[in-house]
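In our numbering, the protein residues as written are 3 to 254.
Don't be surprised by glycine CBs; every beta carbon is placed ideally from N, CA and C.
What follows is a single structure, written as structure tokens, with notes after it.
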């Protein structure tokens, strides 16, 4: 059974891997045997150290997804250093909070550019590489429980995560004949930089915690099983799925 999740010889590109969920997912993939290319807007020495300790190769790319970037050049760099890309994890994401009546166009554009446009451009470039090289590739997007809900004071974030679900399904339809699967993980309320403001708000923290059936906020380690399932060679008949990992939030 252990071989079902063995990624030895595979290479994964993970965006937003400097801290939090992205770092945790990069490490989970490395521990399963994959070499890691990590994309972020700033250096990530801690992620490099952890992946190295797992015995895997690591390559960092400094790319700011909020600005125009060359997705084809990203793929070319990763393949040149690590030999190819078998798995793409579109994890990078930002959030901007403001009342709907005060939400600025600048904040809207910033969130959509990183969370949705960046994921599409990288997926397109990586899928082209997978198709040309005949890889049974895996594209894994990071959605959110706000893929299913509207949230409060985060209209662009909610829209971007609804968009991720649609993009996941659209790509799954077109890429399935090439043996490339496209799925998404929808984390619940997790302990990350993006939720620091919520966790520091005593009232909101209590409200959220009380609604989670598991009784706690999630951690990066809670995503490892879902991630490895979608990345595994044995999951080749699963595509177009959005899987909540939320401690039961959506069922309450």
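Close-in-space but distant-in-sequence residues of the same chain around residue i (CB under 7 Å, 5 per side omitted)
i           : result
residue 123 : 73
residue 6   : 234, 236
residue 9   : 31, 34, 35, 36, 233
residue 18  : 24, 42, 93, 94, 95
Under the three-state DSSP convention, the category residue i falls into
i           : result
residue 165 : helix
residue 35  : coil
residue 113 : helix
residue 3   : Note that residue 3 scores a pLDDT of 46, beneath 50, so its modelled location is shaky and nothing firm can be said.
residue 80  : helix
residue 100 : coil
residue 65  : coil
residue 122 : helix
Exposed unless 16 or more other CB atoms sit within 10 angstroms - verdict on residue i
i           : result
residue 3   : Interpretation of residue 3 is limited by its pLDDT of 46, a score under 50 that renders its predicted location unreliable; no figure is taken from the coordinates.
residue 64  : exposed
residue 80  : buried
residue 280 : A question about residue 280 goes unanswered here, because the residues of the chain that appear run from 3 up to 254.
residue 239 : exposed
residue 216 : exposed
residue 12  : buried
residue 82  : exposed
Close beta carbons around residue i, own chain, < 6 Å, minus the five adjacent residues each side
i           : result
residue 89  : 14, 140, 233
residue 246 : 188, 252
If we require 3 or more residues per run, which beta strand (DSSP E) segments fall completely within the region 190-247?
With a minimum length of 3 residues, the continuous beta strand (DSSP E) runs that stay inside the region 190-247 are 244-247.
Inspect the CB distances between the region 148-156 and the region 210-227 and report whether three or more fall short of 8 Å.
no
Given 8 Å as the limit, is there contact between the region 55-63 and the region 23-37, that is, 3 or more CB pairs closer than that?
yes
Stretch pair the region 164-179 + the region 196-204: three plus CB contacts closer than 8 Å:
no
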